[in-house]
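> Before anything else, here's the structure in question.
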Amino acid sequence: MFNIFHCPLQSLSSPSDEVNLGVHLSEESCKPFICANEHDGFMFIDSDCGQKNIMAERNVLLKSLKHPFLVGLHYSFQTPEKLYFVLDYVNGGELFYHLQRERCFSEARARFYTAEVASAIGYLHSLNIVYRSSAYNLVSDLCQGHVVLTDFGLCKEGIEPEGTTSTFCGTPEYLAPEILRKEPYDRTVDWWCLGAVLYEMLYSLPPFYSRDVSEMYDAILHKPLQLAPGRSEASSHLLYGLLQKDQRRRIGAIADFLEIKNHVFFAPINWDDLYHKRITPPYNPNVRGPADLQHIDPEFTREMVPNSVGRTPDPTPSLATSSSNAFNGFSYISGEDGFL
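Put into structure tokens, the structure is as follows:
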């Protein structure tokens, strides 16, 4: 089963240009996958991304094929007008879709999801990749009750353990203080985001949240973290450590994922069992098959299907040439066949 993401390339000639990124959830069986057709069920998600982001996403997908909590790439290919990612098909619904319906999760359930996300982020860090995604993309889909990270468009490659980057990117509610201060930041920005995800799972809203963005930024930068009573001391200690405004003192600043892994909050987790999915998830979406879209937000299922490959108009020769050159090496097929 797979999703097909496509990026139209009209007028895309430089890294600063934008394209739309879509995903189609289709229903027609084709061994051993699900193939896309116009009449099938679908989901379409808009996202702005430039040439560098698309190539970075493709590169990260290639490196992430062997981790259980990262979506797998089966193929990537292109036409003169569009780029396509063919990914694992996941229709258990976004974790935050379930969170919005239930308001908050039990501590055991939040611990399970946070551990799976931390495992995935730790793996990316071992490849010198900083995830940098907003929290709503950080925990993307549930597959048989397990978390699957699916959006790698903001990933930054080549960040060594002591390395930094400085691009201002993310969602306002989840920006780390060092990003707001426009300072160079390192891998610990991902642990701040993980803390924001855990906080929201336990308390229903992001930390420091305000409808007034200026007030929210001020709170992120200057106000102490406030935790309502009713949660364990271990969860509070972890949240204070992850949402530490000084990135040098943040949990994960010294030993990265190992610090997260060894925190008392995760004492009930057997990490080897977690990695091999031997732990029964606290919630199972119980999807009835690939055509079951009950956990997909109707906002996406009501979207119109973009033009298919078969109905794509021929581009001008200059556009075809510039697009091909801009995304040279994009095409890929998994397995022994290697690159297309």
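Each residue of the sequence shown is one higher than the one before, starting from 1 at the first, in UniProt numbering. Yeah, the Cβ is synthetic: ideal placement off N, Cα and C, and Gly gets one too.
#1: Could you tell me the distance, in whole angstroms, from the CA atom of ASN59 to the CA atom of ALA118?
#2: Rounded C-beta distance between PRO70 and ALA115? I'm assuming under 8 Å.
#3: Per DSSP, what kind of secondary structure is ALA320 in: helix, strand or coil?
#4: In chain order, what residues of the same chain have a beta carbon less than 8 Å from the beta carbon of residue 341, not counting five sequence neighbours either side?
#5: Which of helix, strand or coil does DSSP assign to GLU215?
#6: Which of helix, strand or coil does DSSP assign to VAL71?
#7: Excluding sequence positions up to five away, which residues of its chain have a Cβ less than 8 Å from the Cβ of ASP292?
#8: How many angstroms separate the CA atom of TYR89 from the CA atom of ILE220?
#9: For PHE33 and ILE279, I'd like the C-alpha separation in whole angstroms.
#10: Pull up the distance between the alpha-carbon of TYR131 and that of VAL189, whole angstroms please.
#11: Here's the rule I'm using: 16 or more other beta-carbon atoms within 10 Å means buried, otherwise exposed. How should PRO206 be labelled?
#12: Which of helix, strand or coil does DSSP assign to LYS66?
#13: Suppose the cutoff is 6 Å on Cβ atoms and the five residues either side in sequence are ignored; what does the same chain contact list for LEU127 look like?
#14: Taking HIS146 as part of the beta strand (DSSP E), name the residues at either end of that continuous run.
#15: The alpha helix (DSSP H) that contains ASP88, what's its start and end?
#16: State buried or exposed for MET55, treating a residue as buried only when at least 16 other CB atoms are found within 10 Å of its CB.
#17: Please look up how many angstroms separate the CB atoms of SER334 and LEU73, rounded, as I've assumed it's under 8 Å.
#18: Going by alpha carbons, who is nearest to ARG231 out of LEU87, PHE96, LYS82 and CYS104?
#19: CA-CA distance, GLU233 and GLN226?
#20: I'd like to check one pair, SER133 with LEU154: are the Cβ atoms closer than 8 Å?
#21: Are ILE254 and HIS263 closer than 8 Å when you measure CB to CB?
#22: Please return the same chain residues whose Cβ sits closer than 6 Å to the Cβ of HIS295, not counting the five positions on each side in sequence.
#23: Would the beta-carbon of ARG187 fall within 8 Å of that of HIS237?
Considering the structure as presented:
#1: 21 Å
#2: Here the sequence assigns Leu to residue 70, which means Pro is not the residue at that position. Their Cβ separation, rounded to whole angstroms, is 15 Å, which puts LEU70 and ALA115 out of contact at 8 Å.
#3: Because ALA320 sits at a pLDDT of 49, beneath the cut-off of 50, its placement in the model cannot be relied upon, and the point is left open.
#4: Because the chain spans 1 through 340 in this model, residue 341 falls outside it and cannot be assessed.
#5: helix
#6: coil
#7: ASN91
#8: 36 Å
#9: Unreliable positioning characterises PHE33 in this predicted model, as indicated by a pLDDT of 31, which lies under 50. The coordinate reading is nonetheless provided below. In a straight line, the C-alpha of PHE33 is about 26 Å away from that of ILE279.
#10: 9 Å
#11: buried
#12: coil
#13: LYS63
#14: 146 to 148
#15: Careful: ASP88 lies outside any alpha helix (DSSP H), inside the beta strand (DSSP E) at 82 to 88.
#16: buried
#17: 7 Å
#18: CYS104
#19: 14 Å
#20: yes
#21: no
#22: GLY92, GLY93 and PRO285
#23: no
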